[in-house]
Amino acid sequence: MKTNETKYKRPKYSLEFKQDAAKLVLEKGYSLNQAADHLGISLSALGRWVRAERKPSGNESATKKPGLNLGDHDELIRLRKEIEQLRMEREILKKAAVFFAKEAE
Numbered sequence: 254m255k256t257n258e259t260k261y262k263r264p265k266y267s268l269e270f271k272q273d274a275a276k277l278v279l280e281k282g283y284s285l286n287q288a289a290d291h292l293g294i295s296l297s298a299l300g301r302w303v304r305a306e307r308k309p310s311g312n313e314s315a316t317k318k319p320g321l322n323l324g325d326h327d328e329l330i331r332l333r334k335e336i337e338q339l340r341m342e343r344e345i346l347k348k349a350a351v352f353f354a355k356e357a358e
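As numbered in the numbering used here, residues 254 to 358 make up the sequence shown, in order.
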């Protein structure tokens, strides 16, 4: 049975917005709740952005692998998409080479 409900779509925020929002908490002294309310964003999203931008302390770096900051995370996503595109193009070229090799016989 189909329903006419549409799936909730998360809003997309720019890298600069995410970094600035995290700076409100990390550098300007806002609490997570204050900053989230002020910016009109979810508390969980802001919490992720703050954790991503927070520099690991000496204790954390010894026990956990270092996390990516927001800029590195966005670049990683972009590079993964680019790798997938290149893999698809390579597969197409392989198939074309096999096709033309058979045709030339």
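Every residue, glycine too, gets a C-beta built ideally from N, C-alpha and C.
For ARG263, there is no enclosing alpha helix (DSSP H), as DSSP marks it with neither H nor E. The beta carbon of GLY324 is closer than 8 Å to those of LEU268, GLN272 in its chain, skipping five residues each way along the sequence. Within 10 angstroms of the beta-carbon of GLU356 lie fewer than 16 other beta-carbons, which makes it exposed.
Going by C-alpha positions, TYR266 is about 12 Å away from GLY293. For LEU339, the uninterrupted alpha helix (DSSP H) segment begins and ends at 323-357.
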